[in-house]
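Participant:
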Amino acid sequence: MRKTIAATLMAGFTSFGATIAAAETLTIATVNNADMVVMQKLSPKFKEKTGIDLNWVILEENVLRQRVTTDIATKGGQFDVVTIGAYETPIWGKQNWLASLDDLGDSYDYKDVIEPVRNMLTVNGKLYAAPFYAESSFTYYRKDLFAQAGLTMPEQPTYTDIKKFATALHKPADNQYGICLRGKPGWGENMAYVGTLVNTFGGRWFDMDWKPQLTSPEWKEAVTFYVDILKNYGPPGATSNGHNENRALFSSGNCAMWIDATAAAGHIYNPAESKVADKTGFAKAPVAKVENGAGWGWAWALAVPNSSKKSDAAKKFIAWATSKDYVTLVGETQGWVSAPPGTRKSTYDNPEYKKAAPFGETVLKAILAADPTHPTAQPVPYAGIQFVAIPEFQGIGTQVGQSVAAALSGQSTVDQALQSAQTAVERTMKQAGYIK
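Count along the sequence shown from 1, then add 591; that gives the number in the numbering used here.
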């Protein structure tokens, strides 16, 4: 009898242990953007389906990049799923830091993923991150304010147009600012916008010998324009405003114009999130002297670090969160205007999405037009529109972003900021062996 009881207890403990083992927990590092907040909100559906628990680490963009880069490079294994972008994915994929995602199953429908977006995240034919949403950049503007002022936004504005409109619509006494732009320092914050501005003013980060061009006339003209328009017609404290802060300002009715990610359109047009949902128009990203690189190309994507010991479960989560079914889930529960944009052809063929998202066709055209292989009018040795696809750019872009922010805040002149940045970048490129 004792043997029978012991055997029964042992079987019970074994069964209990198996249950514990099956209830895996994934740690997911992601950015505090609105689409990712929705993903976390809907994630109980994933647990219902799989039994897998999720531990969320949601961070501000600059902090996320620092934490994830450190963990990946040191093989720390802190995260099972990481949110990375079109910059990190090809670099980390080549370094064998990421698991390939070519095995998410037939139902994933890889062919439905928009080709230029898929190509951003592919190395040597292997997909290393699955796009959660993709974007270019364009111009948001207040149709009501333009009508009241007798102004007309062209389909393709120039930066001369933008300055004229900002001047006419800037009414700080009424908490109405002519324009909102990213000012928070960071290679993916202020430099995402400034990089496109430099491109369209005819500039480039490096010449064909990898010599930095930050003191060139094109850089000086672009950054001078940026500092001037934000100081005179932007909100106070612009150096504290990144994407999220400017989106909040625009959706609250405080900005007449905003040049930023197309991915924000679904939130600006959603009356549950925006006071100007029925008052917002959109146009292409402005141009100055050339069209090359005027609008950026980007994807936020989900990847599995090779240091994760739960890659199978992690891939299940990524397959769920970047699937056609997930897009439908968002559309049916949050409203089709909020569906993750820019990743799947089926989204743009969906009648419900077309009806809810009048900006959809413009966004898709902007994403398809963004060409990271020809980002500038002058020849360059690199790919990438608002970034340079080399490992050193994360540090370089952040350093230059801090110099540009110093000029915006008045701590230095534009010339001083660019000379400081030029010196620092030259030093980095020599140390890295790019400049012989």
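Even glycine gets a Cβ: it sits at the ideal position worked out from N, Cα and C.
Near I649, which residues of its chain fall below 6 Å by C-beta distance, leaving aside the five closest residues on each side in sequence?
Facilitator: Along the sequence shown, read from residue 1 onward, the residue named residue 649 stands at position 58. Excluding sequence neighbours, I649 sits near T621, N623.
Participant: When the distance is taken between beta carbons, is A890 closer than 8 Å to Q712?
Facilitator: Here residue 712 is taken as the residue at index 121 of the sequence shown, counted from 1. Here residue 890 is taken as the residue at index 299 of the sequence shown, counted from 1. The question names Gln, yet the displayed sequence has Leu at residue 712. Yes, the Cβ-Cβ distance between L712 and A890 is below 8 Å.
Participant: Below 8 Å on the Cβ atoms is my guess for L742 versus A1012; work out the distance and round it to an integer in Å.
Facilitator: On the sequence shown, position 151 is the one that residue 742 refers to. On the sequence shown, position 421 is the one that residue 1012 refers to. Not confirmed; about 35 Å, so no contact.
Participant: Below 7 Å CB to CB, which residues in the same chain sit around A612 once its five sequence neighbours on both sides are set aside?
Facilitator: Residue numbering aside, residue 612 sits at position 21 when the sequence shown is read from its first letter. Reliability of the predicted coordinates at A612 is poor, the pLDDT of 41 falling under 50, and no value is obtained from them.
Participant: Does the distance from the CB of F723 to the CB of L893 come in under 8 Å?
Facilitator: On the sequence shown, position 132 is the one that residue 723 refers to. On the sequence shown, position 302 is the one that residue 893 refers to. The answer is yes: Cβ separation under 8 Å.
Participant: CB P748 to CB P949, shorter than 8 Å?
Facilitator: Sequence index remark: in the sequence shown, residue 748 carries index 157 (1-based). Sequence index remark: in the sequence shown, residue 949 carries index 358 (1-based). Going by C-beta atoms, P748 is not nearer than 8 Å to P949.
Participant: Please list, in chain order, all residues of the same chain as Q631 whose beta carbon is under 6 Å from its beta carbon, the five residues on each side excluded.
Facilitator: For the purposes of this step, residue 631 is taken as residue 40 along the sequence shown, with counting starting at 1. These residues qualify, in order along the chain: W647.
Participant: For D798, I'd like the list of residues in its chain whose CB is within less than 7 Å of its CB, leaving aside the five on either flank, ordered along the chain.
Facilitator: Residue mapping note: residue 798 aligns to position 207 of the sequence shown, counting from 1. Q804, listed in sequence order.
Participant: Would you mind sorting R1018 into buried or exposed? The rule is 16 or more other CB atoms within 10 Å of its CB.
Facilitator: Position 427 of the sequence shown, counted from the start, is the residue given in the question as residue 1018. Exposed, by the Cβ-count rule.
Participant: Between which residues of its own chain and Q1022 is the CB-CB distance below 6 Å, once the five residues before and five after are set aside?
Facilitator: In the sequence shown, counting from the first residue as 1, residue 1022 sits at position 431. No residues qualify anywhere along the chain.
Participant: What is the rounded straight-line gap between the Cα of G825 and the Cα of I753?
Facilitator: One-based indexing of the sequence shown puts residue 825 at position 234. One-based indexing of the sequence shown puts residue 753 at position 162. Spanning the two alpha carbons is a distance of roughly 12 Å.
Participant: Could you tell me if A764 is buried or exposed, where buried requires 16 or more neighbouring beta carbons within 10 angstroms of its beta carbon?
Facilitator: Position 173 of the sequence shown, counting from 1, holds the residue named residue 764. It counts as exposed.
Participant: Terminal residues of the continuous alpha helix (DSSP H) containing K875?
Facilitator: Numbered from 1 along the sequence shown, position 284 holds the residue referred to as residue 875. Note, K875: premise wrong, no alpha helix (DSSP H); beta strand (DSSP E) at 871–875.
Participant: What's the C-alpha gap between S899 and A721?
Facilitator: Taking the sequence shown and counting its residues from 1, one reaches residue 899 at position 308. Taking the sequence shown and counting its residues from 1, one reaches residue 721 at position 130. Taking the straight line from one Cα to the other gives about 17 Å.
Participant: For L645, list the residues DSSP reports as bridge partners.
Facilitator: Stepping through the sequence shown from its first residue, residue 645 is reached at position 54. Bridge partners of L645: L617.
Participant: Determine which residues share a DSSP beta bridge with L650 and list them.
Facilitator: Reading the sequence shown from its first residue, position 59 is the one you call residue 650. L650 is bridged to V622.
Participant: Provide the residue span of the alpha helix (DSSP H) that contains G986, from first to last.
Facilitator: As a working mapping, residue 986 is identified with position 395 in the sequence shown. Here the alpha helix (DSSP H) through G986 covers 984–1000.
Participant: Let me know if Q977 comes out buried or exposed under the rule of 16 or more other beta-carbons within 10 Å of its beta-carbon.
Facilitator: Locating residue 977 in the sequence shown gives position 386, where the first residue counts as 1. Buried, since its Cβ has 16 or more Cβ neighbours within 10 Å.
Participant: Going by Cα to Cα distance, which pick from Q686, P681, E652 is closest to T665?
Facilitator: In the sequence shown, residue 665 corresponds to position 74, counting from 1. When each option's Cα is compared against that of T665, the closest is Q686.
Participant: In whole angstroms, give me the CA-to-CA distance for F841 and A847.
Facilitator: The residue labelled residue 841 in the question sits at position 250 within the sequence shown. The residue labelled residue 847 in the question sits at position 256 within the sequence shown. About 8 Å.
Participant: Please state the DSSP three-state secondary structure of S1011.
Facilitator: On the sequence shown, residue 1011 is found 420 positions in, with the first residue counted as 1. It is helical.
Participant: From the DSSP output, in three-state form, read off S902 for me.
Facilitator: Locating residue 902 in the sequence shown gives position 311, where the first residue counts as 1. DSSP places S902 in helix when its eight states are reduced to three.
Participant: Could you check what DSSP says for D800 in three-state terms: helix, strand or coil?
Facilitator: To locate residue 800, count along the sequence shown from 1; it is residue 209. Three-state result, D800: coil.
Participant: If you draw a straight line from the alpha carbon of G886 to that of E780, how long is it in whole angstroms?
Facilitator: Looking up residue 886 in the sequence shown gives position 295. Looking up residue 780 in the sequence shown gives position 189. If I take the Cα positions, the gap works out to 14 Å.
Participant: Leaving aside the five residues before and after G884 along the sequence, list all residues of the same chain whose C-beta is less than 7 Å from its C-beta, in chain order.
Facilitator: To locate residue 884, count along the sequence shown from 1; it is residue 293. Excluding sequence neighbours, G884 sits near T787, N790, T791, P966, T967, I976.
Participant: What residue does the alpha helix (DSSP H) around P722 start on, and which one ends it?
Facilitator: Counting from 1 along the sequence shown, the entry for residue 722 is found at position 131. From DSSP, P722 is part of no alpha helix (DSSP H) but of the beta strand (DSSP E) over 721–726.
Participant: Apply the 10 Å Cβ neighbour rule to K822 and answer buried if 16 or more other Cβ atoms are within range, or exposed otherwise.
Facilitator: Walking along the sequence shown from the start, residue 822 turns up at place 231. With fewer than 16 Cβ atoms within 10 Å of its Cβ, K822 is classed as exposed.
Participant: Considering Cα atoms alone, identify which of D697, V1016, T661, K762 is closest to G988.
Facilitator: Start at 1 with the first residue of the sequence shown, and residue 988 comes out as number 397. Of D697, V1016, T661, K762, the residue nearest in Cα terms is V1016.
Participant: When the Cα atoms are used, what is the spatial distance from A1008 to E809?
Facilitator: Position 417 of the sequence shown, counting from 1, holds the residue named residue 1008. Position 218 of the sequence shown, counting from 1, holds the residue named residue 809. Straight-line Cα distance between these residues: approximately 15 Å.
Participant: Quick check on the DSSP output: the alpha helix (DSSP H) that includes T758 runs from which residue to which?
Facilitator: What you label residue 758 is simply residue 167 of the sequence shown in a count that begins at 1. 750–760 is the span of the alpha helix (DSSP H), which, as asked, contains T758.
Participant: Would you list, in sequence order, the uninterrupted beta strand (DSSP E) runs of no fewer than 3 residues that lie entirely inside the segment 783–833?
Facilitator: The qualifying runs do not exist here; there are none.
Participant: Three or more beta-carbon pairs under 8 Å between the segment 678–698 and the segment 827–838, yes or no?
Facilitator: No, because fewer than three Cβ pairs between the segment 678–698 and the segment 827–838 fall closer than 8 Å, the two stretches do not touch.
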